[in-house]
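J.: Got a structure for you, written out below as structure tokens; questions coming shortly.
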Amino acid sequence: EYNSICQRFHLTVNKQIVSIIRIQNTKLWQKYALTRKHILDDFGVQKLNELHLFHGTDHQNIERICQEGFDWRLSVKNGQAYGKGRLYIYYLTAASTSKHSDISHTLLQPNNMNSSAKIIKQKHYLRNSYYSFHGLQYMLVARVVCGRSTNGYSGLTRPPSDPSDAKNRLFNSVTDRSESPQIYCIFDSAQSYPEYLIEYTSVQNGQ
């Protein structure tokens, strides 16, 4: 599990990982599982399109995300290019973190080394990243059921209708482009579950 997330991260970010934390929230997981089942029942496994996607947000939003799930009102600014839904970017977007006593965090790093850092109130940008006092960076990994996707555009408040669907149902998500999309935007927070938090340094891997 640790190695799988680590490999995904290093496909696009050449930084040293300090730890990977699994966020466990039963209530959010049950909501996600029910939404996933509905999409699966409606469209079948071939159109489920369940992905692990990286997500960046301001550090003060992390605690609320862990408790309540993702909220489009907390979305990063460039999400508005594809509508007012929840934005997921699977590379280079990072977020700070804070812990909460109601959420169970299971450390996945080998040797059980926990290097949690105190988070400052003022954010500092570097390649869309946010920093702690110790110069650490953070990135959320979300499990997202994207379902049927189409190209998004500015001003969307919900997915457009699928013209190929006999029942005229809406698409489940929108993307920045049809081929090899880099951005997924969803409009129902129950389609996503915050699953992992990656803590990493600004030092390039191998240095």
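FYI, full-length UniProt numbering numbers position 39 of the sequence shown as 39, with every residue one higher than the one before it. Glycine included, each C-beta is placed from N, C-alpha and C at the ideal position.
Between the beta-carbon of L53 and the beta-carbon of V144, is there less than 8 angstroms?
T.: yes
J.: Please state whether the Cβ-Cβ distance between F171 and T201 is less than 8 angstroms.
T.: At least 8 angstroms separates the beta-carbon of F171 from that of T201.
J.: Starting from N151, trace the beta strand (DSSP E) both ways and give me its first and last residue.
T.: Note, N151: beta strand (DSSP E), 149-151.
J.: Any idea which residues DSSP pairs V144 with across the strands?
T.: DSSP links V144 through a beta bridge to L51, S192.
J.: Note down, in chain order, each residue of its chain lying with its Cβ closer than 7 angstroms to the Cβ of R158, except the 5 sequence neighbours on either side.
T.: L170, F187
J.: Over what stretch of residues does the beta strand (DSSP E) that includes S173 continue unbroken?
T.: 173-175
J.: Taking Cβ positions, are I21 and L197 nearer each other than 8 angstroms?
T.: yes
J.: Roughly how many whole angstroms lie between the Cα atoms of D41 and P194?
T.: 23 angstroms
J.: Taking the straight line between their C-alpha atoms, what separation do you get for C146 and P160?
T.: 14 angstroms
J.: DSSP on V45, reduced to helix/strand/coil?
T.: helix
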